[in-house]
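All residue numbers for the sequence shown refer to the working numbering, where the first residue is -3 and numbers rise by one.
Heads up: the structure comes next, in structure tokens.
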Amino acid sequence: MTDTRRRVKVYTLNEDRQWDDRGTGHVSSGYVERLKGTSLLVRAESDGSLLLESKINPNTAYQKQQDTLIVWSEAENYDLALSFQEKAGCDEIWEKICQVAAPFLCVCLSGICCFPMR
């Protein structure tokens, strides 16, 4: 049986302000030497290819919306979203983001949003 807890869809916001589906996969977090930091990694469920490699950055405003969605901006005009199949997986990754990006620089209000305190 496949673990669905961390199953996600990756979305990017296009120039028309519409969300484009970039694929479905499984998200994990881990240290990426090339990026010199803890990162979110999403591997496609179809072929294992890398759909997303995103360093968790303390200067980024991550938002947890509803129970199964995490959104953030990587760069100007490049917004990303992870839509989780299950709340438990979203909670797990959200906790990792807050551990890395937010221990002293961030306020997590009711588990909804995480804002840099700069």
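Virtual Cβ for every residue (Gly too), placed ideally from N, Cα, C.
- Query: DSSP on Ala97, reduced to helix/strand/coil?
  - Reply: Correct three-state label for Ala97: helix.
- Three-state secondary structure (DSSP) of Ala57: In this structure, Ala57 counts as coil in the three-state DSSP scheme.
- Item | Stretch pair the region 46 to 63 + the region 7 to 25: three plus CB contacts closer than 8 Å | Pairwise C-beta distances place the region 46 to 63 in contact with the region 7 to 25, as three or more of them are shorter than 8 Å.
- Report yes if the C-beta distance between Ser25 and Leu9 is below 8 Å; otherwise report no. At the C-beta level, Ser25 and Leu9 stay beyond 8 Å of one another.
- Helix, strand or coil for Arg2 per DSSP? Coil.
- Message: By DSSP's criteria, Lys51 is part of a beta bridge. Which residues make up the other side?
- Response: Ser35, per the DSSP bridge assignment.
- Reducing DSSP to helix, strand and coil, say where Glu70 ends up. Correct three-state label for Glu70: strand.
- Could you pull the start and end residues of the beta strand (DSSP E) that Thr20 belongs to? The continuous beta strand (DSSP E) containing Thr20 extends over residues 15 to 28.
- Item | Contacting residues, own chain, Cβ-Cβ under 7 Å from Ile52 (five flanking each side not counted) | Within the same chain, Cβ atoms closer than 7 Å to the Cβ of Ile52 are found at Gly33, Thr34, Ser35, Leu36, Ile93, Val96, Ala97, the five residues on either side in sequence being excluded.
- Asp87 by DSSP, collapsed to three states: which one? Three-state DSSP puts Asp87 in a helix.
- Query: Can you give the Cα-Cα distance for Ala84 and Arg1, rounded to whole angstroms?
  - Reply: The straight-line gap from Cα to Cα measures roughly 6 Å.
- Query: Under a CB-based cut-off of 8 Å, is Gln81 close to chain B?
  - Reply: Checking the listed chains, one finds no chain B in this structure; it contains a single protein chain.
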